[in-house]
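Colleague:
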Amino acid sequence: MSNISQRLHNLQAEVTAACEAAGRDPADVNLLAVAKTQPVSAVTTAWSAGQRHFGENYLQEALLKVNELPDADWHFIGAIQSNKTRDIAANFDWVHTVASAKVARRLGEQRPDHLDPLKVMIQVNISDEHSKAGVMPEAVQELANETTRLEGISLQGLMAIPAPTEDPAEQRRVFRELRELKEKIADSLSMDLPHLSMGMTGDFHEAIKEGATWIRIGTAIFGPRQTSGDRK
Ligand SMILES: *Cc1c(COP(=O)(O)O)cnc(C)c1O
0 MSNISQRLHN LQAEVTAACE AAGRDPADVN LLAVAKTQPV SAVTTAWSAG QRHFGENYLQ
60 EALLKVNELP DADWHFIGAI QSNKTRDIAA NFDWVHTVAS AKVARRLGEQ RPDHLDPLKV
120 MIQVNISDEH SKAGVMPEAV QELANETTRL EGISLQGLMA IPAPTEDPAE QRRVFRELRE
180 LKEKIADSLS MDLPHLSMGM TGDFHEAIKE GATWIRIGTA IFGPRQTSGD RK
């Protein structure tokens, strides 16, 4: 077994154990393999080991991999500039990082007609006021209202990248806030918002306890990120 398939295997066992400890069905927690900076070969190795969903942050790098592995499910999880929405709408199945009405509108308009609506999540700036990524919690409702009115995209839930901390209680507190916000918004829209994208290599155990349905894992699958000189 390659390192990558070994790590995937170990991670799946760890995720299953975390689900059982949390009283959750492991089938409800999806593993997104985050491949940014990793070579195409890393992605094809993970695919051969059975991994089906891949996350990418940088469009140009992502498109190389999408071309190589068009049958995988591709998730865009990076910051979105408006001039990138057309390629994202055409090449991805999911977007976790919608953070403005403008980007939501463009993704919907530019989603090709022959594809199902793009599944999107709203990125919430849940704990890190210093980073500009995501919308502030108090602005999520308005963006959710707008997003559900658009064709071509389908709102699935919320996503966040909390400020890093090694304190499990603090990790869990922030994930709980995101879950409660999602529940509040689903109630007000009278719709099911099934997904919560939260948890990375360092904090996925706590995210699973609070209801994560997508955990986004890079390092625990692929090892340390590659510097640009090593990329292939
Ligand atoms: C890089 C990245 C991840 C994966 O992080 P790891 O700590 O390597 O698991 C998850 N989500 C987003 C948005 C990322 O940019």
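Numbering-wise, the numbering used here puts 36 at position 37 of the sequence shown, and it's gapless, one number per residue.
A virtual CB, placed ideally from N, CA and C, is assigned to each residue, including glycine.
1) To the nearest whole angstrom, what separates the beta carbons of A138 and L154, a pair I think is in contact under 8 Å?
2) Compute every distance between the C-beta of T218 and the non-hydrogen atoms of ligand 1, then say whether any falls below 8 Å.
3) Please classify T96: does DSSP put it in a helix, a strand, or coil?
4) Measuring only the C-alpha atoms, how far is K118 from P223?
5) Report the start-end ranges of each alpha helix (DSSP H) in the region 121-166 that is 4 residues or longer and not cut off at the edges.
6) Give every residue of the same chain whose Cβ lies closer than 8 Å to the Cβ of P111, excluding the five residues on either side of it in the sequence, and list them in chain order.
7) Excluding the 5 residues preceding and the 5 following A98 in the sequence, name in chain order all residues of the same chain whose CB lies nearer than 6 Å to its CB.
8) Select from E67, A26 and E60 the residue whose C-alpha is nearest the C-alpha of T237.
9) Please name the residue in M197, E60, D86 and T218 whose C-alpha comes closest to that of R171.
10) Which runs of the beta strand (DSSP E), 3 residues or longer, sit entirely within the region 60-106?
11) Which one of F221, L177, T164 and K183 has the shortest CA to CA distance from D202?
12) With a threshold of 7 Å on Cβ separation, who are the neighbours of A206 within its own chain once the five nearest residues in sequence on each side are excluded?
13) Count the other CB atoms, across all protein chains shown, that sit within 10 Å of the CB of A12; report buried if there are 16 or more and exposed otherwise.
14) Excluding the 5 residues preceding and the 5 following W93 in the sequence, name in chain order all residues of the same chain whose CB lies nearer than 6 Å to its CB.
Modeller: Well, looking at it:
1) So it is not a contact: roughly 15 Å between Cβ atoms.
2) yes
3) strand
4) 29 Å
5) 136-147
6) A88 and A89
7) Q122, G133 and V134
8) Outside the shown range of the chain, which is 0 to 231, sits residue 237, and nothing can be said about it.
9) Closest by C-alpha distance to R171, out of M197, E60, D86 and T218, is M197.
10) 72-75 and 93-97
11) T164
12) F174, M197, G198 and I214
13) exposed
14) H74 and K118
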